[in-house]
């Protein structure tokens, strides 16, 4: 009769190997059901970024309603000299006329619609995506998104 003898260090190594394989399998399973907000479009040279218009509401302690509109995500990072396609989905608010500071880009995002903006930034820096209706707190803003060009 033969016995299998395992040392403590061998048992620990086997345990950690099984643990690493289990964690890797769980991570692979979870990520197959995730959807990125940044992807490559039909052309591999176009960076596609999905944005939505969002609204937050609350009440102050004295009962006053506070409301603010936002771009989500609020900050995106793109590469200089690469074509970028912003796909902005109107979720909250009827219309958001906007412009991208430092460019000639203007448009309007309407509730229930998708607005597509193609832009290429030739200079590094931070560009602001500004809703003209919600520029300040007095107008339920500031609804400003940041485009960082690196």
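In this note's numbering, the protein residues as written are 15 to 164.
Every residue gets a Cβ at the ideal spot worked out from N, C-alpha and C, and that includes glycine.
Because the structure is a prediction, the values reported are computed rather than measured.
Item: Residue from 117, 90, 67 whose Cα sits closest to the Cα of residue 123; Value: 67
Item: Rounded C-alpha distance that separates residue 106 from residue 126; Value: 8 Å
Item: Contact the segment 71-79 vs the segment 21-41: 3+ CB pairs below 8 Å; Value: no
Item: Straight-line gap, residue 103 to residue 33 (C-alpha atoms, nearest Å); Value: 41 Å
Item: Coil, strand or helix - residue 18 by DSSP; Value: coil
Item: For residue 132, the first and last residue of its enclosing beta strand (DSSP E); Value: 128-134
Item: Residue nearest to residue 160 in terms of C-alpha spacing, selected from 63, 30, 129, 69; Value: 63
Item: Whole-angstrom distance between residue 15 and residue 29, CA atom to CA atom; Value: 27 Å
Item: Beta strand (DSSP E) segment containing residue 139, residue limits; Value: 139-145
Item: Alpha-carbon to alpha-carbon, residue 99 and residue 154; Value: 27 Å
Item: Cβ-Cβ separation, residue 83 to residue 69 (assumed contact under 8 Å), whole Å; Value: 5 Å
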